[in-house]
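These notes concern the structure reproduced below.
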Amino acid sequence: MTDKWLDRPGDPCVMVIFGAAGDLTKRKLIPALYNLAQSSLLPKEFAVLGVARAQMSTDDFRQKMSRDIYEFATSSVDAQLWDAFEKHLYYLSGDFQDPDTYEQLQELLATVDQECGTGGNYLYYLATAPNFFNDIVWQLGTSGLVREEEGMWRRVIIEKPFGHDFDSARALNKNISGVLQESQVYRIDHYLGKETVQNIGISLQFGAKVPGPSVRMGTVEMNFAYADYFGTQPSTGYETLLYDCMIGDATLFQRSDNVEISSHQR
Ligand SMILES: NC(=O)c1ccc[n+]([C@@H]2O[C@H](COP(=O)([O-])OP(=O)(O)OC[C@H]3O[C@@H](n4cnc5c(N)ncnc54)[C@H](OP(=O)(O)O)[C@@H]3O)[C@@H](O)[C@H]2O)c1
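Counting from 3, one number per residue, gives the positions in the sequence shown under the working numbering.
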């Protein structure tokens with residue numbers, strides 16, 4: 003995590019994880035946040051507020067994450083850094099379909115803003131089964147939790163799968179755009195990272211002038227591999243996504259240096 007990152011941490015914010023008691027949170031999201039903290043790319047004014055059905059207190063959630071990080075971290079865990087990180091974890095037990103959950107969320111967010119100095123910027127991560135995406139976005143809309151005002155941003159990351167075919171993806175898009183501006187939406191559908199295709203990537207072959215003393219024409223073959231992304235091994239994909247979202251620059255993720263490129267002549 004070096005040259006492809008800007009040299010500043012993300013904006014102060016609370017990351018609200020819907021589905022925080024689930025697999026993705028412990029396996030990918032918290033380790034990715036921890037890596038960002040280790041690289042000084044996480045703002046000091048930062049908090050995670052987990053929401054799920056499981057009955058847990060904030061203390062229970064902190065203890066659970068503290069156990070899980072030692073199992074799922076992709077780099078060695080610095081106890082001092084983790085202790086500081088852990089104090090910024092909060093938890094709310096509630097059902098995604100219950101409007102009360104969003105009322106309680108609003109109250110807890112105000113408390114977290116005060117305790118952590120997060121300034122009213124909220125990043126909502128939908129780490130849930132896809133059948134909840136519409137409901138959660140709609141409830142966030144009706145409760146005013148995604149309204150951007152007075153310089154505060156509100157962004158939503160939607161996990162995969164984004165629909166199961168063209169029509170369902172279009173319908174989901176239509177519902178989301180009824181609540182959110184396009185600039186507030188971050189989609190993640192990383193089938194390119196699935197094992198079946200991650201070793202394939204894209205290969206291009208073309209004729210070009212090859213630099214060198216003779217400047218001769220030759221065949222250039224370029225291989226774009228996606229193996230580093232959202233595969234089963236430690237990846238920088240989630241770090242990049244979360245960092246993009248925290249600084250509000252979706253283009254970072256598309257920078258060519260994020261794709262492993264190899265080329266050679268034949
Ligand atoms: N797991 C991965 O490594 C992985 C990788 C890539 C993408 N994803 C995607 O990430 C998303 C989440 O996957 P996951 O593996 O984390 O799923 P999961 O382990 O089944 O977790 C789902 C979470 O949603 C909560 N939940 C379910 N119904 C709820 C409701 N009505 N109200 C409140 N909370 C509810 C569960 O809470 P309770 O346990 O308290 O009921 C749990 O915390 C999916 O879209 C998946 O495709 C997962």
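Built from N, CA and C at the ideal position, the CB exists for glycine as well.
Only a predicted model underlies this, so the values are computations on that prediction, with no experimental measurement involved.
- Would you say Phe164 and Thr130 are within 9 Å of each other, going by their C-beta atoms? Locating residue 164 in the sequence shown gives position 162, where the first residue counts as 1. Locating residue 130 in the sequence shown gives position 128, where the first residue counts as 1. With contacts defined by Cβ atoms closer than 9 Å, Phe164 and Thr130 do not form a contacting pair.
- Message: Can you tell me where the alpha helix (DSSP H) holding Gly143 begins and where it ends?
- Response: Along the sequence shown, read from residue 1 onward, the residue named residue 143 stands at position 141. Run containing Gly143: 135 to 144, per the alpha helix (DSSP H) assignment.
- If I'm right that Ile178 touches Val139 with Cβ under 8 Å, what's the distance once you round it to whole angstroms? Indexing the sequence shown from 1 puts residue 178 at position 176. Indexing the sequence shown from 1 puts residue 139 at position 137. Ile178 to Val139, Cβ: 5 Å. Contact.
- Mind reading off the beta-carbon distance from Tyr245 to Gly12? Whole number of angstroms is fine, and I expect it under 8 Å. Reading the sequence shown from its first residue, position 243 is the one you call residue 245. Reading the sequence shown from its first residue, position 10 is the one you call residue 12. Tyr245 to Gly12, Cβ: 6 Å. Contact.
- Cβ atoms of Leu83 and Tyr36: under 9 Å apart, would you say? What you label residue 36 is simply residue 34 of the sequence shown in a count that begins at 1. What you label residue 83 is simply residue 81 of the sequence shown in a count that begins at 1. It is a contact, given that the beta carbons lie within the stated cut-off.
- Query: Would the C-beta of Lys66 count as close to ligand 1, meaning under 8 Å from any of its heavy atoms?
  - Reply: In the sequence shown, the residue the question calls residue 66 occupies position 64. The answer is no for Lys66.
- Item | Euclidean distance between Cα positions of Pro101 and Ile160 | One-based indexing of the sequence shown puts residue 101 at position 99. One-based indexing of the sequence shown puts residue 160 at position 158. Using only the alpha carbons, I get a separation of about 20 Å.
- Query: So, using beta-carbon positions, are Phe74 and Ile19 closer together than 9 Å?
  - Reply: In the sequence shown, the residue the question calls residue 74 occupies position 72. In the sequence shown, the residue the question calls residue 19 occupies position 17. No Cβ-Cβ contact shorter than 9 Å links Phe74 with Ile19.
- Going straight from the alpha carbon of Met58 to that of Met67, what length do you get? Counting from 1 along the sequence shown, the entry for residue 58 is found at position 56. Counting from 1 along the sequence shown, the entry for residue 67 is found at position 65. Near 12 Å, if we compare the C-alpha coordinates of Met67 and Met58.
- For ligand 1, is there a heavy atom less than 8 Å away from the beta-carbon of Thr238? Here residue 238 corresponds to residue number 236 of the sequence shown, with the count starting at 1. False, no ligand heavy atom lies under 8 Å from that Cβ.
- Counterpart residues of Val158 in DSSP-defined beta bridges: By one-based count along the sequence shown, residue 158 stands at place 156. Tyr126, Val187, per the DSSP bridge assignment.
- Query: Is Val114 helix, strand or coil by DSSP?
  - Reply: For the purposes of this step, residue 114 is identified with residue 112 of the sequence shown, where counting begins at 1. Here Val114 sits in helix by DSSP.
- Report the option in Asp167, Leu243, Thr144 whose CA atom is closest to the CA atom of Ala34. As a working mapping, residue 34 is identified with position 32 in the sequence shown. Ranking the options by Cα distance to Ala34, first place goes to Leu243.
- Task: Flag Gln99 as yes when its Cβ comes closer than 8 Å to any non-hydrogen atom of ligand 1, and as no otherwise.
- Result: If you number the sequence shown from 1, residue 99 lands on position 97. Yes, since a heavy atom of ligand 1 falls inside the 8 Å radius drawn around the Cβ of Gln99.
- By Cβ distance, which residues of its chain are closer than 8 Å to Thr103, with the 5 residues on each side in sequence left out? As a working note, residue 103 is residue 101 in the sequence shown. Excluding the 5 residues flanking it on each side, Thr103 has same chain C-beta neighbours closer than 8 Å at Val53, Leu94, Gly96, Asp97, Gln141, in chain order.
- Message: So for Leu182, helix, strand or coil by DSSP?
- Response: Translated into positions along the sequence shown, residue 182 becomes position 180. It is coil, neither helix nor strand.
- Pick out the complete alpha helix (DSSP H) segments inside the stretch 17 to 82, 4 residues or longer, and give them in chain order. The qualifying runs are 32 to 40, 60 to 74.
- Message: Given the structure, does Asp167 come close to ligand 1, in the sense that its CB is under 8 Å from one of the ligand's heavy atoms?
- Response: Locating residue 167 in the sequence shown gives position 165, where the first residue counts as 1. No, the Cβ of Asp167 stays beyond 8 Å of every heavy atom of ligand 1.
- Task: Compare the C-beta of Ser185 against all C-beta atoms of chain E and say whether one is closer than 9 Å.
- Result: Absence of chain E from the displayed structure is noted, only one protein chain being present.
- Message: Quick check: is any heavy atom of ligand 1 less than 8 Å from the C-beta of Ala54?
- Response: Taking the first residue of the sequence shown as position 1, residue 54 is located at position 52. Ala54: yes, Cβ under 8 Å from ligand 1.
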